[in-house]
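Quick note on numbering that gives the first Met the number 0: the sequence shown kicks off at 0 and runs consecutively.
One structure is given here, and the rest of the page talks about it.
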Amino acid sequence: MFTFELDYRALFDERAWQMKAQGISGKSLRLVRSHVTNFWGTGPGAWTHEWTLHAKQAERAERWLEASACYGAARFPVINTPERQQALADQIRCYLRASPEFPCHFSRKSLDIQTPAGPAQIMAHLFEPAKASRRPRPLLCLSGGVYIGKFELHHLALTLARFGGLRVCVLDMPGTGETTLPLEPNSHLVYQQAIDQLRDPAARAGMLGISIGGHWAAKLAMLGSVDAAVDIGGPVGFDTKPGSSPLALNNALTGTIANAMQLTAMPDEAQANQLVQEFSLAHQGLLIAPPKAPLLVINGSRDPYVNQQDTLGFAGQDNAEVWLIDRAGHCAAEQFIRLVPGIMLWLRQKLDAPSGLSYPTGLVSKVLMPRRTVLT
Numbered sequence: 000m001f002t003f004e005l006d007y008r009a010l011f012d013e014r015a016w017q018m019k020a021q022g023i024s025g026k027s028l029r030l031v032r033s034h035v036t037n038f039w040g041t042g043p044g045a046w047t048h049e050w051t052l053h054a055k056q057a058e059r060a061e062r063w064l065e066a067s068a069c070y071g072a073a074r075f076p077v078i079n080t081p082e083r084q085q086a087l088a089d090q091i092r093c094y095l096r097a098s099p100e101f102p103c104h105f106s107r108k109s110l111d112i113q114t115p116a117g118p119a120q121i122m123a124h125l126f127e128p129a130k131a132s133r134r135p136r137p138l139l140c141l142s143g144g145v146y147i148g149k150f151e152l153h154h155l156a157l158t159l160a161r162f163g164g165l166r167v168c169v170l171d172m173p174g175t176g177e178t179t180l181p182l183e184p185n186s187h188l189v190y191q192q193a194i195d196q197l198r199d200p201a202a203r204a205g206m207l208g209i210s211i212g213g214h215w216a217a218k219l220a221m222l223g224s225v226d227a228a229v230d231i232g233g234p235v236g237f238d239t240k241p242g243s244s245p246l247a248l249n250n251a252l253t254g255t256i257a258n259a260m261q262l263t264a265m266p267d268e269a270q271a272n273q274l275v276q277e278f279s280l281a282h283q284g285l286l287i288a289p290p291k292a293p294l295l296v297i298n299g300s301r302d303p304y305v306n307q308q309d310t311l312g313f314a315g316q317d318n319a320e321v322w323l324i325d326r327a328g329h330c331a332a333e334q335f336i337r338l339v340p341g342i343m344l345w346l347r348q349k350l351d352a353p354s355g356l357s358y359p360t361g362l363v364s365k366v367l368m369p370r371r372t373v374l375t
């Protein structure tokens with residue numbers, strides 16, 4: 000793990016929407032921004048220190064979920080310093096203090112995983128509808144990328160469990176959050192083993208992945224390892240032509256991904272290109288045939304990070320449906336809330352989910368759905 004250069008002022012601009020979505024107030028965001036003078040340091044003015052002060056304020060007021068979100072901001076984007084490791088421990092502690100108030104069944108489960116390097120353990124968050132069902136509920140594995148982990152997916156997991164009628168297993172992507180495993184081209188095996196351990200054999204199972212998490216959702220669908228999957232903004236490798244340098248990603252992203260891979264320093268150009276090739280599903284021979292399981296692929300038409308061909312490449316394939324969201328960026332984040340009912344409806348149909356809370360999903364989906372191009 001290593002530190003790297005980044006523009007912390009730009010990071011506030013880039014991630015403000017995500018922090019607000021997690022329950023951090025605009026006032027806290029402005030106050031922290033006004034006090035931060037450096038990113039990797041310690042003491043007053045350091046990013047982690049200033050966010051920790053606001054987390055402790057929320058703790059004293061017993062606003063446990065807000066405190067957890069502030070500790071999450073304190074350890075962002077990489078847990079590579081002692082202060083950030085402590086912030087993660089405090090985030091978990093506050094989240095568990097908040098959990099008895101969650102409006103569904105919640106549990107943390109330690110799962111034993113086999114990897115090429117040997118056995119390992121990962122921690123899963125499991126959200127289950129409070130409403131009883133006469134038949135087993137399908138399992139949905141939910142995962143983000145390097146910036147979006149288990150805790151950041153809390154509200155989405157609650158929504159999918161309560162209104163989608165799904166059992167939702169939330170995982171940190173390997174290389175992020177609580178995991179000790181590196182991000183590798185075969186990291187789909189981590190997700191597959193978690194799904195196999197938590198699913199009911201009598202019900203279907205699927206995956207929803209956001210950003211690099213979408214890469215793993217797409218891969219599991221291509222392999223037929225799940226019954227359905229949703230890939231939101233995942234880089235998969237359809238475009239095999241040389242393009243812009245993988246080192247030219249926005250601000251902190253390259254360094255964050257390199258840390259997730261547990262590299263000891265920033266890769267050079269040749270190393271970076273080699274890594275991109277190793278992760279490419281085209282290089283792995285998985286894009287020459289349609290997905291073996293239903294796959295919904297979603298992204299914004301103006302994604303600055305992921306080549307549009309990684310979305311449109313699935314158009315016209317059996318078992319694949321593409322939603323290209325007009326005038327939206329990476330993962331269509333600007334329109335994401337409006338997309339959730341439609342995604343939930345698609346998943347419920349493909350996974351044959353029993354009903355959740357009474358909710359007119361189809362109607363809400365039609366009303367809220369942003370402008371998009373649908374390709375099948």
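Built from N, CA and C at the ideal position, the CB exists for glycine as well.
Because the structure is a prediction, the values reported are computed rather than measured.
{"query": "Could you have a look at residue 262 and say whether DSSP puts it in helix, strand or coil?", "result": "coil"}
{"query": "Taking residue 283 as part of the alpha helix (DSSP H), name the residues at either end of that continuous run.", "result": "Here residue 283 belongs to no alpha helix (DSSP H), and DSSP marks it neither H nor E."}
{"query": "For residue 158, does the three-state DSSP call read helix, strand or coil?", "result": "helix"}
{"query": "Look up residue 79 in the DSSP assignment and give the residues it is bridged to.", "result": "In the DSSP output, where bridge partners are listed per residue, residue 79 has none listed."}
{"query": "Determine the closest residue to residue 98 out of 74, 66, 227, 23, with distance taken between C-alpha atoms.", "result": "66"}
{"query": "Check whether the segment 158-165 and the segment 181-196 are in contact - that is, three or more C-beta pairs closer than 8 Å.", "result": "no"}
{"query": "Identify which residue in 5, 157, 61 has its Cα closest to the Cα of residue 104.", "result": "157"}
{"query": "Give a yes or no on contact between the segment 316-327 and the segment 106-118, applying the rule of three or more CB pairs nearer than 8 Å.", "result": "no"}
{"query": "Would you mind working out which of 222, 281, 300, 317 sits nearest residue 332, comparing C-alpha positions?", "result": "300"}
{"query": "What are the complete alpha helix (DSSP H) segments, minimum 4 residues, inside the segment 114-197?", "result": "153-161, 187-197"}
{"query": "Which residues bound the beta strand (DSSP E) around residue 299?", "result": "294-299"}
{"query": "Go ahead and label residue 297 buried or exposed: buried means 16 or more other beta carbons lie within 10 angstroms of its beta carbon, across all protein chains shown.", "result": "buried"}
{"query": "Can you tell which of 318, 264, 50, 82 has the C-alpha that lies nearest to the C-alpha of residue 222?", "result": "318"}
{"query": "Helix, strand or coil for residue 376 per DSSP?", "result": "Absent from the structure is residue 376, since the part of the chain shown begins at 0 and ends at 375."}
{"query": "Inspect the beta-carbon positions of residue 312 and residue 286 and report whether they are closer than 8 Å.", "result": "yes"}
{"query": "Determine, using beta carbons only, whether residue 172 and residue 213 come nearer to each other than 8 Å.", "result": "no"}
{"query": "Tell me whether residue 185 is buried or exposed, calling it buried when 16 or more other Cβ atoms sit within 10 Å of its Cβ.", "result": "exposed"}
{"query": "Rounded C-beta distance between residue 39 and residue 80? I'm assuming under 8 Å.", "result": "7 Å"}
{"query": "Could you tell me if residue 95 is buried or exposed, where buried requires 16 or more neighbouring beta carbons within 10 angstroms of its beta carbon?", "result": "exposed"}
{"query": "Name the DSSP beta bridge partners of residue 229, please?", "result": "207, 295"}
{"query": "Would you call the segment 121-128 and the segment 176-183 touching, i.e. three or more CB-CB distances under 8 Å?", "result": "yes"}
{"query": "In the DSSP assignment, find the beta strand (DSSP E) that holds residue 320 and state where it starts and stops.", "result": "319-324"}
{"query": "So does the segment 58-76 actually touch the segment 136-153, counting three or more Cβ pairs closer than 8 Å?", "result": "yes"}
{"query": "By Cβ distance below 8 Å, which residues in the same chain neighbour residue 210 in space, the five residues on each side in sequence not counted?", "result": "143, 144, 145, 146, 147, 231, 232, 233, 329, 330"}
{"query": "With DSSP run on the structure shown, which of helix, strand or coil describes residue 202?", "result": "coil"}
{"query": "Taking only the alpha-carbon atoms, compute the straight-line gap between residue 131 and residue 102 and give it to the nearest angstrom.", "result": "14 Å"}
{"query": "Going by DSSP in three states, residue 24 sits in which element: helix, strand or coil?", "result": "coil"}
{"query": "Check whether the Cβ atoms of residue 5 and residue 259 sit closer than 8 Å, and answer yes or no.", "result": "no"}
{"query": "Short of 7 Å in beta carbon distance, which residues of its chain neighbour residue 9, apart from the five on each side in sequence? Order them along the chain.", "result": "250"}
{"query": "Tell whether a beta-carbon distance below 8 Å holds between residue 44 and residue 36.", "result": "yes"}
{"query": "Give me whichever residues DSSP pairs with residue 219 in a beta bridge.", "result": "DSSP lists no partner for residue 219."}
{"query": "Taking the alpha helix (DSSP H) that residue 57 belongs to, which residues open and close that run?", "result": "46-59"}
{"query": "Near residue 217, which residues of its chain fall below 6 Å by C-beta distance, leaving aside the five closest residues on each side in sequence?", "result": "230, 233, 235"}
{"query": "Where residue 2 and residue 348 are concerned, what is the direct C-alpha to C-alpha distance, given to the nearest angstrom?", "result": "45 Å"}
{"query": "Just list the residues that DSSP pairs residue 110 with in beta bridges.", "result": "121"}
{"query": "Per DSSP, which one or two residues make a beta bridge with residue 105?", "result": "126"}
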